[in-house]
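Student:
Numbering (my numbering), first residue to last: 5 to 683.
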């Protein structure tokens with residue numbers, strides 16, 4: 005068994021493409037090898053800005069021998085058919101074929117054996133084809149060649165079993181040579197296997213493994229921060245991006261001019277992150293520090309002083325632009341920006357952002373009455389101004405700051421912290437793990453924004469279909485659900501969506517099911533509660549739905565719950581069979597005068613008591629008490645099925661007993677549709 009080492013050396017590969025490129029390289033080569041009957045072990049890829057490397061262990065030195073059988077005509081077939089078979093099978097005489105028999109008779113069979121070939125020769129065919137077919141998101145041509153690659157490709161290293169695999173791609177010949185760091189070790193050197201390759205690269209100032217580079221960056225940046233009594237702002241995405249920009253990471257610390265510290269810290273961190281790929285530092289209290297971390301790609305003779313000075317100069321220019329935008333934006337109030345929103349289209353069929361802002365304001369005022377402690381006037385104002393920062397220069401430069409900048413402008417306008425916070429939070433939550441708005445006013449404005457969006461797209465019939473959701477409506481609905489549940493807000497969704505789209509409530513129900521399942525709720529219990537909508541018991545108070553599901557789960561975990569469920573399913577199955585057979589529905593109360601056995605009367609009396617008790621408990625939203633009331637049915641239900649024959653010969657008696665079963669079903673349907681419960 006042998007090792008394959010492949011390196012594709014080029015100009016700088018964009019950091020965002022490196023991970024996917026490694027995965028594609030593994031897939032292209034391993035799939036081609038498998039198709040030829042060859043499989044290795046532990047195929048893995050590595051990427052630096054200038055190289056894409058593949059290693060596969062445990063490859064056989066030769067491909068396996070292959071035996072093929074080609075079935076021919078029957079023995080005694082016309083000579084023309086036999087001649088055609090010989091040509092197709094590559095045989096010169098029919099004597100070279102064997103004769104095999106099956107149910108239909110004797111047939112000629114050509115048996116050919118293909119000897120395995122050298123795996124190195126196979127690799128020499130596979131790699132050039134894979135390079136030419138490589139699926140880069142963007143690629144280029146250079147010079148006079150025809151090859152397309154992400155950046156100009158300079159060299160190819162390919163070693164199998166310690167030997168160089170020779171091939172050529174667009175004038176580039178493979179070999180066993182590579183090179184190290186562009187500046188600190190540019191000379192070429194030969195390698196013999198992966199261990200030798202990785203060690204020599206490290207000596208040549210190249211850390212091959214991206215995860216190791218990220219580790220060095222994080223630890224080095226953290227140490228520099230701690231030496232200054234500061235805290236590194238954790239940023240996993242930036243960390244991995246920077247790891248894709250350097251081959252030999254060297255963290256350095258720079259300083260921000262104090263003059264710029266009056267600019268909102270989110271602006272400064274966004275500028276550093278987006279434009280310069282710098283890491284921000286905070287003090288112990290969480291306030292942005294006037295220091296930053298830059299990752300150099302070499303060890304400078306002066307310890308990095310010139311590099312730091314250069315980056316500080318670049319950052320000063322960036323921050324000067326940001327401060328100019330901030331100063332200019334502060335000259336206009338949020339209120340004065342509203343007319344400009346008329347020039348921003350929200351959706352061709354739903355009008356401008358100004359029109360949406362007015363809808364949010366109206367809805368926020370209406371919803372303020374549902375959330376204790378929210379001033380309707382402030383809710384209306386915050387809703388109207390929530391989108392006003394979209395016309396600011398700062399948000400135009402940094403779209404990710406929308407909402408946050410609105411909060412700064414609101415404070416600058418003297419609108420108060422509560423309105424500013426509501427504007428900052430109204431987009432939340434953006435994802436399933438993001439925090440919901442922390443203030444009551446923020447929750448109201450966030451709900452108004454998301455519900456207006458859902459209303460609008462439902463009204464123009466632009467709903468999510470399959471995996472397509474271009475307007476993130478599923479995310480908006482999930483945001484509404486999370487805000488309501490995590491804040492305990494009591495809202496009847498049916499009232500809110502009435503007349504806005506007949507199936508919008510169903511959409512909320514589907515999203516709610518997904519949310520509860522993700523939180524660990526049993527899917528069948530969620531379905532059992534939502535099925536009450538089909539029975540005319542509208543379930544649109546999300547807080548109560550969760551209470552029902554939790555109470556149902558607790559109840560079915562008890563012995564009484566399990567046994568009562570079994571009794572319900574038995575009653576329901578009998579009813580379904582008999583109603584289908586009789587083409588009738590056994591509703592209404594049974595006639596006590598027709599009871600022939602004590603167990604019938606005992607069950608009837610207990611159902612009436614349990615149902616009344618459960619109804620009262622549900623009315624006061626005590627679902628645990630409702631379940632407890634239903635649990636008392638267990639004994640009389642068990643006794644009924646043990647001693648009473650439902651399908652009696654007397655038709656009147658049979659119908660009365662079927663009505664009694666229907667009463668069992670109706671009693672349990674007070675809290676959920678138990679037919680949806682598994683078990």
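Yeah, the Cβ is synthetic: ideal placement off N, Cα and C, and Gly gets one too.
Using only CA atoms, which one of 536, 493 and 486 lies nearest to residue 518?
Tutor: Position 514 of the chain shown, counted from the start, is the residue given in the question as residue 518. Minimum Cα distance to residue 518 is reached at 486.
Student: Less than 7 Å between the beta carbons of residue 126 and residue 60, yes or no?
Tutor: Here residue 126 corresponds to residue number 122 of the chain shown, with the count starting at 1. Here residue 60 corresponds to residue number 56 of the chain shown, with the count starting at 1. Against a cut-off of 7 Å, the Cβ pair of residue 60 and residue 126 comes out as no contact.
Student: Rounded to whole angstroms, what is the Cα-Cα separation between residue 260 and residue 326?
Tutor: On the chain shown, position 256 is the one that residue 260 refers to. On the chain shown, position 322 is the one that residue 326 refers to. Distance between the alpha carbons of residue 260 and residue 326: 13 Å.
Student: In three-state terms, what does DSSP make of residue 244?
Tutor: As a working mapping, residue 244 is identified with position 240 in the chain shown. Here residue 244 sits in helix by DSSP.
Student: Decide yes or no for the touch test of the region 636–643 against the region 557–568: beta carbon pairs closer than 8 Å, at least 3 of them.
Tutor: yes
Student: Taking 7 Å as the threshold (C-beta atoms), are residue 30 and residue 51 in contact?
Tutor: Taking the first residue of the chain shown as 1, we reach residue 51 at position 47. Taking the first residue of the chain shown as 1, we reach residue 30 at position 26. No, Cβ-Cβ distance for residue 51 and residue 30 is not below 7 Å.
Student: DSSP three-state call for residue 598: helix, strand or coil?
Tutor: Along the chain shown, read from residue 1 onward, the residue named residue 598 stands at position 594. When DSSP states are grouped into helix, strand and coil, residue 598 belongs to the helix group.
Student: Can you look up residue 664 in the DSSP assignment and give me helix, strand or coil?
Tutor: As a position in the chain shown, residue 664 is number 660, starting the count at 1. Three-state result, residue 664: helix.
Student: Going by other Cβ atoms of all chains shown within 10 Å of its Cβ, with 16 needed for buried, is residue 106 buried or exposed?
Tutor: Numbered from 1 along the chain shown, position 102 holds the residue referred to as residue 106. Exposure of residue 106 is indicated by the presence of fewer than 16 other C-beta atoms within 10 angstroms of its C-beta.
Student: Where residue 279 and residue 21 are concerned, what is the direct C-alpha to C-alpha distance, given to the nearest angstrom?
Tutor: Here residue 279 refers to the residue found at position 275 of the chain shown. Here residue 21 refers to the residue found at position 17 of the chain shown. Those two C-alpha atoms are separated by around 18 Å.
Student: Report yes if the C-beta distance between residue 45 and residue 26 is below 7 Å; otherwise report no.
Tutor: Locating residue 45 in the chain shown gives position 41, where the first residue counts as 1. Locating residue 26 in the chain shown gives position 22, where the first residue counts as 1. Against a cut-off of 7 Å, the Cβ pair of residue 26 and residue 45 comes out as no contact.
Student: Check this for me: beta carbons of residue 338 and residue 398, under 7 Å apart or not?
Tutor: Looking up residue 338 in the chain shown gives position 334. Looking up residue 398 in the chain shown gives position 394. No.
Student: In terms of residue numbering, what span does the alpha helix (DSSP H) encompassing residue 489 cover?
Tutor: The residue you call residue 489 lines up with position 485 of the chain shown. 477–491 is the extent of the alpha helix (DSSP H) around residue 489.
Student: Given residue 204, which residues of its chain have a CB within under 7 Å of its CB, disregarding the five upstream and five downstream residues?
Tutor: Position 200 of the chain shown, counting from 1, holds the residue named residue 204. Sequence-distant Cβ neighbours of residue 204 in its own chain, meaning closer than 7 Å and more than five residues away, are 193 and 195.
Student: With DSSP collapsed to three states, give me the class of residue 15.
Tutor: Residue mapping note: residue 15 aligns to position 11 of the chain shown, counting from 1. Residue 15: coil per DSSP, three-state reduction.
Student: Could you check where the beta strand (DSSP E) with residue 349 kicks off and where it finishes?
Tutor: Locating residue 349 in the chain shown gives position 345, where the first residue counts as 1. Element bounds for residue 349: 349–351.
Student: In angstroms, rounded to a whole number, what distance separates the CA positions of residue 365 and residue 391?
Tutor: Residue 365 sits at position 361 when you count from the first residue of the chain shown. Residue 391 sits at position 387 when you count from the first residue of the chain shown. Rounded to whole angstroms, residue 365 to residue 391 spans 11 Å at the Cα level.
Student: Output the boundary residues of the beta strand (DSSP E) element that contains residue 286.
Tutor: Position 282 of the chain shown, counted from the first residue, corresponds to residue 286. That run of the beta strand (DSSP E) goes 283–286.
Student: Looking only at its own chain, which residues have a Cβ that is under 7 Å from the Cβ of residue 1, when we skip the five neighbours before and after it?
Tutor: With the chain represented from 5 up to 683, any question about residue 1 goes unanswered, as that position is not in the structure.
Student: Round the Cβ separation of residue 629 and residue 621 to the nearest angstrom and send it over; I've been treating them as touching at under 8 Å.
Tutor: Within the chain shown, numbered from 1, the residue matching residue 629 stands at position 625. Within the chain shown, numbered from 1, the residue matching residue 621 stands at position 617. Right, their Cβ atoms sit about 4 Å apart.
Student: Can you list, in chain order, the residues of its chain whose CB lies under 6 Å from that of residue 217, leaving out five sequence neighbours each side?
Tutor: Locating residue 217 in the chain shown gives position 213, where the first residue counts as 1. If we look at residue 217 and ignore the five residues flanking it on each side, its Cβ neighbours are 211, 247 and 253.
Student: My understanding is that residue 411 touches residue 386, with C-beta atoms under 8 Å, so please give their C-beta distance in whole angstroms.
Tutor: Within the chain shown, residue 411 is the residue found at index 407, counting from 1. Within the chain shown, residue 386 is the residue found at index 382, counting from 1. In this structure residue 411 is not in contact with residue 386, their Cβ atoms being roughly 10 Å apart against a cut-off of 8 Å.
Student: Below 8 Å on the Cβ atoms is my contact criterion, and I expect residue 400 with residue 428 to pass it. Report the Cβ-Cβ distance as a whole number of Å.
Tutor: The residue labelled residue 400 in the question sits at position 396 within the chain shown. The residue labelled residue 428 in the question sits at position 424 within the chain shown. That belief does not hold up - the Cβ atoms of residue 400 and residue 428 are roughly 18 Å apart, past 8 Å.
Student: With distance defined between alpha-carbon atoms, name the residue in 457, 404, 472 and 493 nearest to residue 445.
Tutor: Working through the chain shown from its first residue, we reach residue 445 at position 441. Closest option to residue 445, judged by alpha-carbon separation, among 457, 404, 472 and 493: 493.
Student: For residue 524, decide whether its Cβ has a neighbour in chain C, counting only Cβ atoms nearer than 7 Å.
Tutor: Looking at the structure shown, chain C is missing, and only one protein chain is on hand.
Student: Tell me, please, which residues DSSP counts as bridged to residue 181.
Tutor: Here residue 181 is taken as the residue at index 177 of the chain shown, counted from 1. Paired residue(s): 194.
Student: Please list the terminal residues of the continuous beta strand (DSSP E) segment that includes residue 255.
Tutor: Your numbering for residue 255 matches position 251 in the chain shown. Run containing residue 255: 254–259, per the beta strand (DSSP E) assignment.
Student: I'd like the ranges of any alpha helix (DSSP H) spanning at least 4 consecutive residues and lying wholly in the region 333–412.
Tutor: Listed in chain order, the complete alpha helix (DSSP H) runs (minimum 4 residues) inside the region 333–412 are 338–341, 357–372, 380–389 and 397–401.
Student: Looking only at its own chain, which residues have a Cβ that is under 6 Å from the Cβ of residue 643, when we skip the five neighbours before and after it?
Tutor: In the chain shown, the residue the question calls residue 643 occupies position 639. These residues qualify, in order along the chain: 603.
Student: Among residues of its own chain, excluding the 5 on either side of residue 480, which ones have a beta-carbon nearer than 7 Å to its beta-carbon?
Tutor: The count along the chain shown starts at 1 and reaches residue 480 at position 476. Correct list, in chain order: 454, 457 and 458.
Student: Suppose only complete runs of 4+ residues qualify. What are the alpha helix (DSSP H) ranges in the region 557–592, listed by chain order?
Tutor: Complete alpha helix (DSSP H) runs here, min 4: 563–586.
Student: Since residue 371 and residue 489 are thought to touch, with beta carbons under 8 Å apart, how far apart are those beta carbons, to the nearest angstrom?
Tutor: Here residue 371 corresponds to residue number 367 of the chain shown, with the count starting at 1. Here residue 489 corresponds to residue number 485 of the chain shown, with the count starting at 1. Contact flag wrong, Cβ pair sits at about 16 Å.
Student: Please work out which residues of its chain come closer than 6 Å, Cβ to Cβ, to residue 460, disregarding the five sequence neighbours upstream and downstream, and give them in chain order.
Tutor: Counting from one through the chain shown, the residue named residue 460 turns up at place 456. The residues are 354.
Student: Please classify residue 418 as buried or exposed, where buried requires at least 16 neighbouring CB atoms within 10 angstroms.
Tutor: Taking the first residue of the chain shown as position 1, residue 418 is located at position 414. Result: exposed.
Student: Can you tell me whether residue 146 is buried or exposed? The criterion is at least 16 other CB atoms within 10 Å of its CB, across all chains shown.
Tutor: Residue mapping note: residue 146 aligns to position 142 of the chain shown, counting from 1. With fewer than 16 other Cβ atoms within 10 Å, it is exposed.
Student: With distance defined between alpha-carbon atoms, name the residue in 214, 141 and 267 nearest to residue 243.
Tutor: In the chain shown, the residue the question calls residue 243 occupies position 239. Looking only at 214, 141 and 267, the smallest Cα-Cα distance to residue 243 is reached by 214.
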